[in-house]
Amino acid sequence: MQEIFEAIKEASKQIQDVIELGDTAKSENENSTGDTQLKLDIASDVIIEKVFATVPSIKAIVSEEQEEIVHLNDKGEYLIAYDPLDGSSLVDVNLSVGSIYGIYKNDFTGDNIIASVYVVFGPRVEMVVAYKNSVKLYRLFDGEFNYIKDIKLEEKGKLTATGSTQMCWPEHHKELINSMYKDGYYLRYSGGMVPDLHQILLKGGGLFSYPGTTDKPKGKLRQLFEVFPFALAYEYAGGQAVNGKSRVLEIETTHIHDTSPCFFGSKDEIKRVLEVYKDHV
Ligand code: P6P
């Protein structure tokens, strides 16, 4: 497993260079979920795949930017699903973006995820590793990722990050979010899943929500590359991750590009979600 973390560090240093110097224009291609790929997406994906191809313990990988699973080493032990540069269009407006990695054994399913890593490319480059019941923060300086601290969520926070747009929210979701504002929660939402979830973790708590909406009833965020990796990090940090009814890590994956409604947060905020959603589909 350590060699995978080292590979992610190496890929991240190369991706940071591409972000700083790279071409942020759109490519001619679309990914499997119909998003127009930026040259940055493709460049980051190529970097990660090249680095992972040198790691013997990786059996196969699947990228949000590619349709199919890429087989690397028959004798490998681990499967990796990754989003090479989530929210890449935010680079154009100089907001933070990130890479997300889910590390699985045996199969690409929520109950088989054994570690996750995400890297935030912002004013500083930071990596968070969720593994063996701990969540550890590292920061890139002097050419290395240096351990900073373990991350723990409080029982309750002050922040709410609200995905999609009110026009597409179900009524009960509007009630949930408005009740949080009435209780004094602060809206903190950039449209980048990685920095938005990183902020709630580092500030001790709150709620990130991306529900099923009228335009995306099954949610927008992808299970294998986005939802499950952050679900593991939030659970190991003492929080929870649900789809409105149950743990997201227990939901069934039928296709590698499946999405899911998702709520990540401290225990008190997730309790609010389950209370509101218990009477709705
Ligand atoms: P919306 C970025 O495109 C992304 O996939 C995530 O990083 C982010 O959380 C979400 O979409 C934002 O979606 O509909 O709120 O703009």
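According to our numbering, the residues represented by the sequence shown are 1489 to 1769, in order.
Each residue gets a CB set at the ideal place from its N, CA and C atoms; glycine is no exception.
Who are E1614's beta bridge partners in DSSP?
Taking the first residue of the sequence shown as 1, we reach residue 1614 at position 126. Answer by DSSP bridge pairing, in chain order: V1608, R1627.
Unbroken stretches of the beta strand (DSSP E), 3 residues or longer, contained in the stretch 1620-1686:
1622-1629, 1632-1638, 1647-1650
According to the Cβ coordinates, are L1628 and K1501 closer than 9 Å?
For this step, residue 1628 is matched to residue 140 along the sequence shown. For this step, residue 1501 is matched to residue 13 along the sequence shown. In this structure, K1501 lies closer than 9 Å to L1628 by Cβ.
What residue does the alpha helix (DSSP H) around A1719 start on, and which one ends it?
Position 231 of the sequence shown, counting from 1, holds the residue named residue 1719. Looking at the DSSP string, the run of the alpha helix (DSSP H) that includes A1719 is 1716-1724.
Measuring CB atoms only, is the stretch 1599-1612 touching the stretch 1713-1724, in the sense that at least three cross pairs come out at less than 8 Å?
yes
Would you say the beta carbon of S1652 comes nearer than 8 Å to a heavy atom of the ligand P6P?
Counting from one through the sequence shown, the residue named residue 1652 turns up at place 164. Flag set: Cβ of S1652 near the ligand P6P.
Could you tell me which of V1607, D1638, I1739 sits nearest to P1683, measuring between CA atoms?
Start at 1 with the first residue of the sequence shown, and residue 1683 comes out as number 195. When only C-alpha atoms are compared, the closest one is V1607.
Per-residue DSSP class, three states only, for N1778
One cannot answer for residue 1778 here, as it falls past the ends of the chain, which runs 1489 to 1769.
Inter-residue Cα distance where the pair is G1586 and E1508
The count along the sequence shown starts at 1 and reaches residue 1586 at position 98. The count along the sequence shown starts at 1 and reaches residue 1508 at position 20. If I take the Cα positions, the gap works out to 14 Å.
At a threshold of 8 Å, does E1714 count as lining the ligand P6P (C-beta to nearest heavy atom)?
If you number the sequence shown from 1, residue 1714 lands on position 226. Yes.
What first and last residue would you give for the alpha helix (DSSP H) that runs through K1497?
As a first step, residue 1497 must be located in the sequence shown, where it is residue number 9. K1497 -> alpha helix (DSSP H) spans 1490-1509.
Are the stretch 1629-1648 and the stretch 1725-1742 in contact at 8 Å, needing three or more beta carbon pairs?
yes
Under the assumption that V1747 contacts F1596 (Cβ atoms under 8 Å), give the Cβ distance between them as a whole number of angstroms.
Position 259 of the sequence shown, counted from the first residue, corresponds to residue 1747. Position 108 of the sequence shown, counted from the first residue, corresponds to residue 1596. As written in the sequence, residue 1747 is Thr, which differs from the Val given in the question. That pair is no contact at about 14 Å.
Tell me the DSSP bridge mates of I1591?
On the sequence shown, residue 1591 is found 103 positions in, with the first residue counted as 1. I1568, A1603.
Among all the DSSP beta bridges, which residues are the ones paired with Y1765?
Translated into positions along the sequence shown, residue 1765 becomes position 277. DSSP lists no partner for Y1765.
Nearest-angstrom Cα separation, counted from C1750 out to A1548:
Locating residue 1548 in the sequence shown gives position 60, counting from the first residue. Locating residue 1750 in the sequence shown gives position 262, counting from the first residue. Taking the straight line from one Cα to the other gives about 26 Å.
Spatial neighbours of Y1655 in its chain, beta-carbon cut-off 7 Å, leaving aside the 5 residues before and after
As a working note, residue 1655 is residue 167 in the sequence shown. Contrary to the premise, residue 1655 reads as Met rather than Tyr in this sequence. No residues qualify anywhere along the chain.
Is it true that the CB of G1575 sits closer than 9 Å to the CB of L1583?
Within the sequence shown, the letter at position 95 stands for residue 1583. Within the sequence shown, the letter at position 87 stands for residue 1575. Result yes, Cβ atoms of L1583 and G1575 sit closer than 9 Å.
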